[in-house]
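Protein chains in written order, with our numbering: chain D, 23 to 337; chain A, 23 to 337.
Printed below as a string of structure tokens:
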């Protein structure tokens with residue numbers, strides 16, 4: 023079985039990785055996860071993408087909503103809102119809270135984020151190896167203008183508190199210049215038979231991973247065995263706010279624009295049937311293109327998509 | 023209306039203070055609350071006695087169970103147990119968690135515990151002024167022996183994790199020597215028309231308050247206007263574990279032994295009808311004794327008891 027490294031954001035990656043788990047041995051997969059969305063709320067270390075991947079891979083996800091856990095309740099958050107606490111715009115579920123409490127406890131006892139992530143994923147029964155992109159603090163910040171009001175804030179403030187309103191002017195990954203790849207990230211990339219870029223937001227999900235010094239160079243050296251899946255279908259993201267962020271990053275909102283975000287890192291790129299007309303334009307920039315149905319309604323469709331991406335990477 | 027200072031632990035105090043709120047103007051009452059039971063769990067500052075008093079005074083208490091909130095659920099704690107987190111022996115309710123999260127946020131933003139307590143009590147609509155005994159860290163520790171196994175641990179470990187098993191050898195209030203009374207504590211005591219010792223555990227509820235340097239002396243100066251209510255009825259605590267702790271503190275488990283814990287601080291002491299036989303023995307040590315029904319089944323009975331204690335203090 024091939025050794026695979028997957029680069030992952032949250033929900034799109036979660037769906038895709040459930041498919042990947044059906045076509046390779048999960049123990050042979052290392053998932054490098056974005057931590058730029060991480061935020062400290064009430065003293066708790068909240069890591070949305072690590073948790074999304076954990077919940078999806080362990081079958082605890084809410085498939086309809088996409089984020090969070092199935093059967094979730096929000097009693098603590100409703101109470102925080104009643105009390106008027108800052109940060110209560112972020113809906114922490116009661117079950118989800120346990121993950122943040124446990125992570126905060128492990129970090130407080132001296133674990134690195136890498137160690138805490140391995141412990142938590144293990145307790146959830148996740149068989150893939152989950153690695154944060156870095157153990158160092160990196161926070162994605164957004165500069166936006168909303169009806170004449172300019173602000174610069176954590177990505178979660180833009181996306182959750184402000185509900186993605188307004189025009190995004192700039193995206194910055196605060197702290198990334200000083201961040202080091204988490205232990206195992208560069209080694210896994212160097213040793214992989216295949217590298218897969220999950221269908222995640224290229225700007226704020228995989229963008230922070232590529233911005234950690236050393237990771238982009240390590241991936242460029244393995245370009246020949248790397249393939250990705252476009253998160254943009256028919257000129258719009260399957261979910262999320264990539265359409266609002268890509269222009270600020272100088273990227274066209276299309277399957278071609280998403281591929282551009284990974285220029286020099288891919289030998290294969292999977293696009294949806296809806297984007298067949300972009301194939302030759304994308305191939306002119308480097309990667310071979312495969313065209314298929316990329317909408318992952320269920321695990322079987324996710325597995326077929328993962329197979330297509332993997333075949334391109336291993337070709 | 024008289025200005026009143028009440029010294030309070032958790033549940034017994036909560037019941038009593040609901041009665042006191044019916045016989046004096048709540049705005050004229052300052053409640054000095056034990057913080058020796060406070061514990062940091064998952065990075066959160068948990069303050070059981072401050073919260074018990076807040077929940078009881080705001081009508082959010084679970085009257086049957088005594089501790090915690092009415093309509094509480096424990097989904098986060100059940101999940102923490104499933105994950106195998108340390109500290110999950112402590113049952114943090116989902117609604118209760120919001121209080122700890124909010125307090126931790128306020129403390130993290132630079133509030134003192136006094137300020138955070140005022141904010142939280144205010145949001146709950148509590149009209150009495152709640153003061154922690156100190157803003158400094160004090161932790162009640164218990165040395166106990168359980169079937170040949172000796173341990174020395176936080177009071178909550180003894181009471182909740184170990185379920186109060188074993189013989190208590192020693193009680194220590196870690197950090198109390200360096201603790202200062204919270205702002206307002208000494209001033210309130212000096213300015214009070216009446217001081218009331220709530221029917222709380224004399225060793226681990228009111229004991230830590232008295233051990234904060236300066237508080238016992240301030241109370242001794244106001245002895246003439248101070249009365250207390252025995253938490254011991256018929257040789258046993260109405261609730262809790264005072265019977266297991268009083269011997270280790272050199273106190274008889276009786277309404278007389280509880281009065282002894284406050285030797286030199288009281289001019290009045292309220293005991294139950296069941297303990298009428300102890301009245302003259304207690305009066306020989308100083309305080310005048312009032313005998314009444316001290317079991318607070320409801321707010322009306324708590325109000326009658328508060329009236330009796332207050333009359334003794336104001337006599």
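Backbone N, C-alpha and C fix where the C-beta goes; we use that ideal spot for every residue, glycine too.
Provide the residue(s) that pair with residue i in DSSP beta bridges, ordered along the chain.
i, result
"residue 63 of chain A", "A/66"
"residue 250 of chain A", "A/219, A/291"
"residue 152 of chain D", "D/53"
"residue 171 of chain A", "A/168"
"residue 225 of chain D", "Bridge partners of residue 225 of chain D: none, in fact."
"residue 255 of chain A", "A/258"
"residue 7 of chain A", "Limits of chain A in this structure are 23 at one end and 337 at the other, which puts residue 7 of chain A out of reach."
Rounded to a whole number of angstroms, what is the C-alpha to C-alpha distance between residue i and residue j?
i, j, result
"residue 326 of chain A", "residue 237 of chain A", "28 Å"
"residue 133 of chain D", "residue 91 of chain D", "25 Å"
"residue 102 of chain A", "residue 194 of chain A", "30 Å"
"residue 60 of chain A", "residue 226 of chain A", "12 Å"
"residue 277 of chain A", "residue 263 of chain A", "15 Å"
"residue 256 of chain A", "residue 123 of chain A", "40 Å"
"residue 260 of chain D", "residue 253 of chain D", "6 Å"
"residue 314 of chain A", "residue 302 of chain A", "15 Å"
"residue 171 of chain A", "residue 187 of chain A", "11 Å"
"residue 305 of chain A", "residue 23 of chain A", "28 Å"
"residue 88 of chain A", "residue 182 of chain D", "38 Å"
"residue 295 of chain A", "residue 319 of chain A", "15 Å"
"residue 70 of chain A", "residue 143 of chain D", "32 Å"
"residue 52 of chain A", "residue 333 of chain A", "18 Å"
"residue 39 of chain D", "residue 148 of chain D", "11 Å"
"residue 93 of chain D", "residue 119 of chain D", "13 Å"
"residue 121 of chain D", "residue 282 of chain A", "47 Å"
"residue 241 of chain D", "residue 217 of chain D", "8 Å"
"residue 267 of chain D", "residue 55 of chain A", "51 Å"
"residue 382 of chain A", "residue 233 of chain D", "Here chain A covers residues 23 to 337 and nothing more, so residue 382 of chain A does not appear."
"residue 166 of chain D", "residue 180 of chain D", "8 Å"
"residue 42 of chain A", "residue 80 of chain A", "13 Å"
"residue 129 of chain A", "residue 139 of chain A", "10 Å"
"residue 117 of chain D", "residue 113 of chain A", "14 Å"
"residue 251 of chain D", "residue 239 of chain D", "20 Å"
"residue 196 of chain D", "residue 284 of chain D", "21 Å"
"residue 175 of chain D", "residue 164 of chain D", "6 Å"
"residue 321 of chain A", "residue 125 of chain A", "28 Å"
"residue 14 of chain D", "residue 317 of chain D", "With chain D running from 23 to 337 in the structure shown, residue 14 of chain D is simply not present."
"residue 97 of chain D", "residue 337 of chain A", "48 Å"
"residue 335 of chain A", "residue 269 of chain A", "28 Å"
"residue 292 of chain D", "residue 131 of chain D", "43 Å"
"residue 84 of chain A", "residue 185 of chain A", "20 Å"
"residue 211 of chain D", "residue 156 of chain D", "14 Å"
"residue 68 of chain D", "residue 178 of chain D", "11 Å"
For residue i, report the span of its alpha helix (DSSP H) as first-last.
i, result
"residue 124 of chain A", "116 to 130"
"residue 38 of chain D", "33 to 45"
"residue 333 of chain D", "321 to 336"
"residue 134 of chain A", "Careful: residue 134 of chain A lies outside any alpha helix (DSSP H) and carries neither H nor E."
"residue 241 of chain D", "237 to 242"
"residue 233 of chain A", "228 to 233"
Quick one: give me the first and last residue of the beta strand (DSSP E) that residue i is part of.
i, result
"residue 261 of chain D", "Per DSSP, residue 261 of chain D belongs to no beta strand (DSSP E) and is neither H nor E."
"residue 100 of chain D", "First-last for residue 100 of chain D: 97 to 105, but that is the alpha helix (DSSP H), not the beta strand (DSSP E)."
"residue 164 of chain D", "161 to 168"
"residue 28 of chain D", "26 to 30"
Inset, instruction - Specify whether the region 102 to 119 of chain D and the region 145 to 163 of chain D touch according to this definition: at least 3 beta carbon pairs, one from each stretch, less than 8 Å apart. - result: At 8 Å Cβ cutoff, the stretches do not touch.
Legend entry - Validate contact between the region 60 to 67 of chain D and the region 244 to 251 of chain D using beta carbons, cut 8 Å, 3 pairs: no
Inset, instruction - Would you mind listing the beta strand (DSSP E) stretches within the region 182 to 213 of chain D that are 3+ residues and don't spill past its ends, in chain order? - result: 189 to 196
Legend entry - Contained alpha helix (DSSP H) runs [length at least 4] in the region 277 to 315 of chain A, N- to C-terminal order: 277 to 282, 301 to 305
Inset, instruction - Evaluate contact between the region 282 to 294 of chain D and the region 307 to 326 of chain D, counting only Cβ atoms and requiring at least three cross-stretch pairs below 8 Å. - result: yes
Inset, instruction - Inspect the CB distances between the region 200 to 217 of chain A and the region 317 to 335 of chain D and report whether three or more fall short of 8 Å. - result: no
Inset, instruction - Take every Cβ of the region 76 to 87 of chain D, pair it with every Cβ of the region 141 to 156 of chain D, and state whether three or more of those distances are shorter than 8 Å. - result: The region 76 to 87 of chain D vs the region 141 to 156 of chain D: in contact.
Legend entry - Where the region 120 to 136 of chain D meets chain C: residues whose CB sits under 7 Å from a CB there: Absence of chain C from the displayed structure is noted, the protein chains being D and A.
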